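Protein sequence lines correspond, in order, to chains A and B. The numbering of the first sequence is the numbering used here, which starts it at 112 and goes up by one. The numbering of the second sequence is the numbering used here, which starts it at 915 and goes up by one. Written below as structure tokens is the structure these notes are about.
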Amino acid sequence: MKPRQQRMLAVGLAALGIAIAAGLTLRAFQDNMMFFVEVSDVVAGEYPKERNFRIGGLVVGGSMQRAEGSLDIRFEVTDTACTVPVMYSGVLPDLFREGQGVVAHGRMGEDNVFQADKILAKHDEDYMAPEVADSLSKHQQDIQEAVVKGAAECRTNDS
Amino acid sequence: MWKWFHQLASPPHFYRISAILAPWLAVPGLILIAYAAWQGLFVVPMDYQQGDAFRIIYVHVPSAYLSMMAYMIMATSGAIGLIWRIKLSHAVAAAAAPIGAGFTFLALCTGSIWGKPMWGTWWEWGDPRMMSELILLFLYFGYMALRSSIDDTTKADKASAVLALVGIVNVVIVHFSVEWWSSLHQGQTVFKKGTMDADMRIPLLIMLLGFTLLFGAMLLRRIRTEVLFRERRTKWVREMILSPEGGA
């Protein structure tokens, strides 16, 4: 083997080794790499019990309830399969609205209501002009429907 | 073809060719950027949810793409330098690092400026896309620090090439972070069908091309300086500088 080929082999093997090591490490820390927990996992009880975590999903249409004269708000988040109720007190980001993605930071209460201390709006990868958005695409209508009725079957038994 | 390639890898030849090539990248690049910026700021309709704030995409996406592209160029030319011992390719790697760091910084800043009004936060520790892009910036810093801490150029070239190769893992993570894990950051838009209206997308594609050309020109100019410094004791540099033209 020529020296050049030896070097090529060495670089190739090193790269392969690093890739495998990185892949294994990331697999091992899979849960820690997640920015938020899916609603279905929360309903199934697969979330950190003793500390704060983030829950991510879509705000269920028509679920927003504001308390008169305060910043308290209650709404439901869904992943179109399951639903979790969320309580929050504070200012909401501009993009927060029904049917939109949202990430809430906080912890699960005794009553199975998620007590949020921070709400972030999550934006999806769709960009369009207002006129176009008015004539919603089929795909989006499907999501909207799922969000609205979403999740009657699978929810935390809070009430 | 191979003959042309070998010629290009010779420093004096590259030095001549790059002087001719650089403006041919810079001028069209700047024209495209100016056109796309005008389109993006004044012509393109606003987004149905984000309003005018979405227009930052015309800087953010090209910067983020170049932050990864520059790294891949840096790492690949480092590997070529290690394997084939081509002097020029180490100069390419050294020249690419500061430009890549600049674009990474720009991507982080523009993302943060957009994130405050849209997400409701400047920065979220623990988000895989944000963290991996920040690590990319630190990798560039580490690469440049390692280079400047070793006086012997040959040794610096080798050590930094190894570091750049290891760091490729992170570029892969930056790219796939929004697919592998849940993230506040949205998924792929640019090359995915049905995610963006054509009148918004086309200026973005023009911007991407313009940024790439400008990056090419910046890289060429930096490699020229790097080559000149590395070859400062050689005959061709001496002759060029002492020649009546003074080395243009």
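Idealized CB from N, CA, C, for every residue including glycine. None of the values given here were measured: they were computed from a predicted structure.
For the structure I just gave you, are there three or more beta carbon pairs, one from the region 982-991 of chain B and one from the region 1071-1088 of chain B, closer than 8 Å? yes
What residue from B:Asp961, B:Phe1019, B:Pro1042 and B:Leu939 has the CA that sits closest to A:Leu137's CA? B:Pro1042
Apply the 10 Å Cβ neighbour rule to B:Trp1033 and answer buried if 16 or more other Cβ atoms are within range, or exposed otherwise. buried
Output the boundary residues of the alpha helix (DSSP H) element that contains B:Gly1029. Lys1001 to Met1032
Are the beta-carbon atoms of A:Asp235 and A:Gly212 separated by less than 8 Å? yes
Based on Cα-Cα distance, which residue from A:Met239, A:Pro114, A:Ala130 and A:Gln226 lies nearest to A:Val188? A:Gln226
CB contact check: B:Gln921 to chain A, cutoff 8 Å: no
For A:Gln176, which residues does DSSP report across the bridge? A:Arg185
In this structure, what does DSSP give as the bridge partners for A:Lys229? A:His216
By Cβ distance, which residues of its chain are closer than 6 Å to B:Pro1158, with the 5 residues on each side in sequence left out? none
Can you tell me where the beta strand (DSSP E) with A:Phe164 in it begins and where it stops? Phe164 to Val170
Within the same chain, show all residues whose beta-carbon is closer than 7 Å to that of B:Asp1071, passing over the 5 residues directly before and after it, in chain order. Gly995 and His1004
Interface partners of B:Ala993 on chain A, CB under 7 Å: Val122
Could you compute how far the alpha carbon of B:Arg1146 sits from the alpha carbon of B:Glu1153? 11 Å
Please work out which residues of its chain come closer than 6 Å, Cβ to Cβ, to B:Gly954, disregarding the five sequence neighbours upstream and downstream, and give them in chain order. Arg969, Tyr972 and Pro1117
With contact counted as at least three CB pairs below 8 Å, one residue from each stretch, are the region 213-233 of chain A and the region 160-167 of chain A in contact? yes
With B:Ser1062 as the anchor, note down where its alpha helix (DSSP H) starts and where it stops. Pro1042 to Ser1063
Would you say B:Leu1123 faces chain A, with C-beta separation under 8 Å as the test? no
Going along chain A, which residues have a C-beta under 8 Å from B:Val1083? Ile129, Ala130 and Ala133
Chain-ordered residues of the region 1006-1034 of chain B with a beta carbon less than 8 Å from chain A: Pro1031, Met1032, Trp1033 and Gly1034
Where B:Arg1138 falls, given that 16 or more other Cβ within 10 Å makes a residue buried: buried
Can you tell me whether B:Thr1148 is buried or exposed? The criterion is at least 16 other CB atoms within 10 Å of its CB, across all chains shown. exposed
Please report whether the beta-carbon of B:Trp916 lies at a distance below 8 Å from any beta-carbon of chain A. no
How far does the alpha helix (DSSP H) with B:Met983 in it extend, from its first residue to its last? Ile971 to Trp998
Span of the alpha helix (DSSP H), counted from its first residue to its last, around A:Val195: Not the alpha helix (DSSP H): A:Val195 falls in the beta strand (DSSP E), residues Cys193 to Ser200.
Cβ of A:Met175 less than 8 Å from any chain B Cβ? no
Minimum Cβ-Cβ distance from A:Ala240 to chain B less than 8 Å: yes
Return the residue from the list A:His216, A:Glu221 and A:Ala126 that minimises the CA-CA distance to A:Glu149. A:His216
When DSSP labels each residue in this structure, what does A:Glu149 get in the three-state scheme? strand
Identify, in the order they occur along the chain, each residue of the same chain with its Cβ nearer than 8 Å to the Cβ of B:Met1058, setting aside the five sequence neighbours on each side. Ala1011, Pro1012 and Ala1015
Figure out for me which residue from B:Lys1106, B:Val1092, B:Phe1105 and B:Gln1100 has the closest Cα to the Cα of A:Met144. B:Val1092
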